[in-house]
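Following: one structure in structure tokens, then a few remarks.
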Amino acid sequence: MSEMVSFENRRNFLKLSAGLGPALMCAAPLSRALAAGAIKPGADAVLIVVDVQNCFLPTGTLPVKKGDEVVPVINELAKKFQNVVITQDWHTPGHSSFASSHDGKAPFETVELDYGTQVLWPDHCVQGTDDAKLAPGLDLPHAQLIIRKGYNSAVDSYSAFQEADKETGTGLTGYLTERGINEVYVCGLATDFCVAWSALDARAKGMTVSVIEDASRAIDLNGSLDAAWSSMTDAGIERIQSSDFA
Ligand code: VGL
Ligand code: ZN
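Going letter by letter, the sequence shown gives residues 0 to 245 in numbering that gives the first Met the number 0.
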């Protein structure tokens, strides 16, 4: 709650200071926030579209409530970006994040794995299945990279940047760095898992990061959505809307 209040105060401060003219527009995060309603992503910005796949739609194996609603929002948003990267959750059959791989365990319970506590999920997004395909209607012809993750049987990977062991990279940091991209906008499914973990890792790599709230939907398991927003706000990640773009 206190994070929310201070974030609100900061936004109000930014709105107030917007009237004070360009003298204040020196620090990069400040000028970005001042541009509310007029964000124009340039060559150093990327839209990362996280896991908008059949498995996470209301008819999928790990349904995210109203997950289908992000599709038209993302299609419009993506037209404003030169650079678009898509991620795909891409598990082996019998993956260690599946409850069915652990005797006596049910989906949404947890288990201790080598790298820490793992939430157990229904079988989902198995490599090569229709369930793992990108959502029908997702229209991102100019996307330049599809990064698949969660393909190591013993390790989950919510994040587009690194696996849950906090050690194994996916290669995305190298890709973005090599292309001179350091401004990251994250959206998709689910806000409180793969979107949040991707945003936090991008921030930890020193990138400027925003999460587009109305282009994302959450699972919200035991307060996970509030917890995710608190962590993201604390880390300096901006919570924005698709209407913040020009
Ligand atoms: C996700 C749970 C398990 C996600 C992926 O895309 O947020 N959540 N695998
Ligand atoms: Zn998964």
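C-beta: ideal position from N, C-alpha, C; glycine also.
For the beta strand (DSSP E) holding residue i, just list the boundary residues, first then last.
i	result
E237	237-239
E75	E75 -> not in any beta strand (DSSP E); alpha helix (DSSP H) instead, spanning 69-77.
L46	44-49
Q248	Any answer about residue 248 is impossible in this case: the structure gives the chain only from 0 up to 245.
S209	207-216
T58	Unbroken run through T58: none, as it is neither H nor E.
L137	L137 -> no beta strand (DSSP E), and no H or E assigned at all.
E111	109-112
When you compare the CB positions of residue i and residue j, do they come within less than 8 angstroms of one another, or not?
i	j	result
C124	A134	no
I73	V183	no
L188	V69	yes
Q143	V84	yes
V208	I236	yes
T169	S156	yes
A227	T176	no
V110	I218	no
Mapping the DSSP letters down to three states, classify residue i as helix, strand or coil.
i	result
G258	The structure shown does not extend to residue 258, since the chain is modelled only from 0 through 245, so no value can be given for it.
G36	coil
T176	helix
D129	helix
D88	strand
A142	coil
D243	helix
F97	strand
F12	Because the pLDDT at F12 is just 35, under 50, the model does not fix this residue reliably, and the value given afterwards should be weighed accordingly. In the structure shown, F12 sits in a helix (DSSP, three-state: H, G or I).
G20	Only weak support is given to the placement of G20: the predicted model assigns it a pLDDT of 37, under 50, and the question is left unresolved by the model.
Report buried or exposed for residue i, applying the criterion of at least 16 other Cβ atoms within 10 angstroms of its Cβ.
i	result
N53	buried
N82	buried
G36	exposed
F244	buried
G59	buried
H90	buried
F192	buried
Which residue marks the beginning of the alpha helix (DSSP H) containing residue i, and which one marks its end?
i	result
D233	223-233
Suppose only complete runs of 3+ residues qualify. What are the beta strand (DSSP E) ranges in the region 176-205, listed by chain order? 182-188
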